[in-house]
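All letters in the sequence shown, in the order written, are residues -26 to -1, 1 to 286 by mature numbering (1 follows the signal peptide of the UniProt record, and there is no 0).
Just so it is clear, CB atoms sit at the ideal spot from N, CA and C, and this is done for glycine as well.
Values in this document were obtained by computation on a predicted structure and should not be read as measured data.
A short write-up of the structure that comes next.
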Amino acid sequence: MKKRVASLVGVLGVALLLGGCSSVDSLTSSSSSSAKTTSSTTASASGTNNQSTSATYASLAKKTYQSGTSAAIKVNSGKSTLKASQWKKSKIDYGNLDSLNRTTTDTAYLSKANLGRSAGRTAQTWSPTGWHNQPITVNGKRVYPQNRGHLIAYTLSFNLTQDGQYKSGEDGSLDNPKNLATQTAYSNQKTMQIYEDQVRTALEQGKKVIYRVTTVFRGNELMPRGYWSQAVSTDGSVNFNVYIWNVEPGVSFDYATGRGKADSSLQVAGADKVTSSANTSASRYSSSTTTSKQVERELYKYGYKYVKKALK
């Protein structure tokens, strides 16, 4: 049995390695007028090269998730386009909502002072576009596949006002419309956390990090197709650039409305192994980084649900 598990995990590891190496390097600037408007807003908010940012956004918006593939893919070969030298002070630049009331880009300049805990936080009331909070029966279980997902994690936004300016004693950005979008539970709680933890670990070690998240919409759809996430630390130890698919195992979504339905054919592999292994800390309180085997164990826990099913 152990040999069977090892063999299966090994095959899946190779598949993830190959799947994780796919990247958005061939870009196109064509898209619908709505996508162009959103990507222009994103480029303006990000403060980077508008043409390049808009082209990347348009390319990502055209992509459609294929069942069974990686939960995230690399952008720009996995390397951030952010410049560490832009870190001047702790703040978050929240991008304005677009004409459809959708989130755009949030860029955070973070230090250890911005770390907080989620325990005891109050309930959220804001309903982002595409939000339905609908229960769906998946494999005989009643689940809620949608979350109010933060672009910049709540626990990374303490001591900052709702406008993103530093102010000691402020709670995190919990119910800020500019920081919330309709995200699947899997994307929010599993895939995105792998990358958020890289940022969190660096901050706990006293490093400074620039962290940017852009919600990617196709045309006038109300639920994001994915989250374009990248970060760089001032010491260079954290450097990633990924597109996180907004998908849920066992559920397919109509992104135009945000409504979902049970779909057993929709499977999700692990998060992008290649990118995750680069700068993930073995412990939030340790200066060492993980080995590839430790990352594999993490991915097995997070992304290999169908492996367990296959072994039964």
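Near V112, which residues of its chain fall below 7 Å by C-beta distance, leaving aside the five closest residues on each side in sequence?
Along the sequence shown, one-based indexing puts residue 112 at 138. Taken in chain order, the residues that qualify are G224, V225 and A236.
Decide if residue 358 is buried, meaning its Cβ has at least 16 other Cβ atoms within 10 Å, or exposed.
The structure shown does not extend to residue 358, since the chain is modelled only from -26 to 286, so the question has no answer here.
Contact check, E195 vs A155 under 8 Å by CB: the rounded distance?
The sequence position of residue 195 within the sequence shown is 221, counting from 1. The sequence position of residue 155 within the sequence shown is 181, counting from 1. That pair is no contact at about 12 Å.
Alpha carbon to alpha carbon, how far is R233 from I66?
Working through the sequence shown from its first residue, we reach residue 233 at position 259. Working through the sequence shown from its first residue, we reach residue 66 at position 92. Their Cα atoms are separated by approximately 31 Å.
Please look up how many angstroms separate the CB atoms of T96 and K152, rounded, as I've assumed it's under 8 Å.
For the purposes of this step, residue 96 is identified with residue 122 of the sequence shown, where counting begins at 1. For the purposes of this step, residue 152 is identified with residue 178 of the sequence shown, where counting begins at 1. So it is not a contact: roughly 18 Å between Cβ atoms.
Would you kindly report the start and end of the unbroken alpha helix (DSSP H) that includes V212?
Sequence index remark: in the sequence shown, residue 212 carries index 238 (1-based). It is not in any alpha helix (DSSP H) - V212 carries neither H nor E in the DSSP assignment.
Go through its chain and collect everything with a Cβ distance to S260's Cβ below 8 Å, but skip five positions before and after it.
Indexing the sequence shown from 1 puts residue 260 at position 286. Confidence in S260 is poor, its pLDDT being 41 and thus under 50, which makes the residue's placement unreliable; the coordinate value appears in the next sentence. Closer than 8 Å at Cβ, skipping near neighbours: no residue.
Would the beta-carbon of T188 fall within 7 Å of that of A45?
In the sequence shown, the residue the question calls residue 188 occupies position 214. In the sequence shown, the residue the question calls residue 45 occupies position 71. No. Outside cutoff.
Work out the CA separation of Y31 and Q25 for me, nearest whole Å.
Locating residue 25 in the sequence shown gives position 51, counting from the first residue. Locating residue 31 in the sequence shown gives position 57, counting from the first residue. Computed Cα separation, rounded: 10 Å.
Compute the beta-carbon to beta-carbon distance between Y217 and G200, rounded to the nearest angstrom, for a pair I have assumed lies under 8 Å.
Sequence index remark: in the sequence shown, residue 217 carries index 243 (1-based). Sequence index remark: in the sequence shown, residue 200 carries index 226 (1-based). Their Cβ separation, rounded to whole angstroms, is 5 Å, which keeps Y217 and G200 in contact under 8 Å.
Any idea what DSSP makes of L134, helix, strand or coil?
By 1-based counting over the sequence shown, the position of residue 134 is 160. Reduced to three states, the DSSP call for L134 is strand.
Please list the terminal residues of the continuous beta strand (DSSP E) segment that includes T158.
Numbered from 1 along the sequence shown, position 184 holds the residue referred to as residue 158. Per DSSP, T158 belongs to the beta strand (DSSP E) from L154 to T158.
Tell me whether the beta-carbon of S211 lies closer than 7 Å to the beta-carbon of V183.
For this step, residue 211 is matched to residue 237 along the sequence shown. For this step, residue 183 is matched to residue 209 along the sequence shown. Contact flag unset, no.
Considering Cα atoms alone, identify which of F227, L134, K37 and I168 is closest to M197.
Indexing the sequence shown from 1 puts residue 197 at position 223. Residue F227 is the option with its Cα nearest to M197.
When we look at the beta-carbon of W100 and count the other beta-carbons within 10 Å, is it buried (16 or more) or exposed?
Translated into positions along the sequence shown, residue 100 becomes position 126. Flag for W100 reads exposed.
Are there 16 or more other CB atoms within 10 angstroms of the CB of P102, so buried, or fewer, so exposed?
As a working mapping, residue 102 is identified with position 128 in the sequence shown. Buried: at least 16 other Cβ atoms inside 10 Å.
Run the CB neighbour count on A243, radius 10 Å, all protein chains shown included, and call it buried at 16 or more, exposed below.
Counted from its first residue, the sequence shown places residue 243 at position 269. Looking at its Cβ environment, which holds 16 or more other Cβ atoms inside 10 Å, A243 is buried.
Using a Cβ-Cβ cutoff of less than 6 Å, which residues in the same chain neighbour S142 once the five nearest sequence positions on both sides are dropped?
Within the sequence shown, numbered from 1, the residue matching residue 142 stands at position 168. Correct list, in chain order: N133.
Compute the Euclidean distance between the alpha carbons of S73 and V173, then round it to the nearest angstrom.
Stepping through the sequence shown from its first residue, residue 73 is reached at position 99. Stepping through the sequence shown from its first residue, residue 173 is reached at position 199. Rounded to whole angstroms, S73 to V173 spans 31 Å at the Cα level.
Please list the terminal residues of the continuous beta strand (DSSP E) segment that includes N24.
Position 50 of the sequence shown, counted from the start, is the residue given in the question as residue 24. Careful: N24 lies outside any beta strand (DSSP E), inside the alpha helix (DSSP H) at N24 to K36.
Indicate the three-state DSSP secondary structure (helix, strand or coil) for Y118 in the structure shown.
Taking the first residue of the sequence shown as 1, we reach residue 118 at position 144. Three-state DSSP puts Y118 in coil, outside helix and strand.
Around the Cβ of N215, are there at least 16 other Cβ atoms within 10 angstroms (buried) or fewer (exposed)?
As a working note, residue 215 is residue 241 in the sequence shown. The residue in question, N215, is buried, as its Cβ has 16 or more Cβ neighbours within 10 Å.
Apart from the five residues on each side of it in sequence, which residues of its chain come closer than 8 Å, Cβ to Cβ, to Q157?
Here residue 157 corresponds to residue number 183 of the sequence shown, with the count starting at 1. The answer, listed in chain order, is Q120, N121, R122, G123, M166, P198, Y201 and N220.
Would you report the Cα separation of G104 and I168, rounded to the nearest angstrom?
Along the sequence shown, read from residue 1 onward, the residue named residue 104 stands at position 130. Along the sequence shown, read from residue 1 onward, the residue named residue 168 stands at position 194. G104 and I168: Cα-Cα distance of roughly 25 Å.
Note down, in chain order, each residue of its chain lying with its Cβ closer than 6 Å to the Cβ of E170, except the 5 sequence neighbours on either side.
Here the question's residue 170 lines up with position 196 in the sequence shown. A127.
According to DSSP, what are the bridge partners of I66?
By 1-based counting over the sequence shown, the position of residue 66 is 92. DSSP lists A82 as partners of I66.
Could you give the distance in angstroms between the alpha-carbon of D145 and the alpha-carbon of T175?
Locating residue 145 in the sequence shown gives position 171, counting from the first residue. Locating residue 175 in the sequence shown gives position 201, counting from the first residue. Taking the straight line joining both Cα atoms gives about 20 Å.
Using the Cα positions of S41 and K48, report the straight-line distance between them to the nearest angstrom.
Numbered from 1 along the sequence shown, position 67 holds the residue referred to as residue 41. Numbered from 1 along the sequence shown, position 74 holds the residue referred to as residue 48. The alpha-carbon atoms of S41 and K48 are separated by roughly 17 Å.
Would D80 be called buried (16 or more neighbouring beta carbons within 10 Å of its own) or exposed?
Residue 80 sits at position 106 when you count from the first residue of the sequence shown. With 16 or more Cβ atoms within 10 Å of its Cβ, D80 is classed as buried.
For D149, which residues of its own chain have a beta-carbon under 7 Å away from its beta-carbon, when the five flanking residues on both sides are left out?
Residue mapping note: residue 149 aligns to position 175 of the sequence shown, counting from 1. Result list for D149: Q98, T99 and W100, in chain order.
Can you tell me the Cβ-Cβ gap for R91 and T129, rounded? I've got them flagged as a contact below 8 Å.
Sequence index remark: in the sequence shown, residue 91 carries index 117 (1-based). Sequence index remark: in the sequence shown, residue 129 carries index 155 (1-based). The pair is a contact, with the Cβ atoms about 6 Å apart (cut-off 8 Å).
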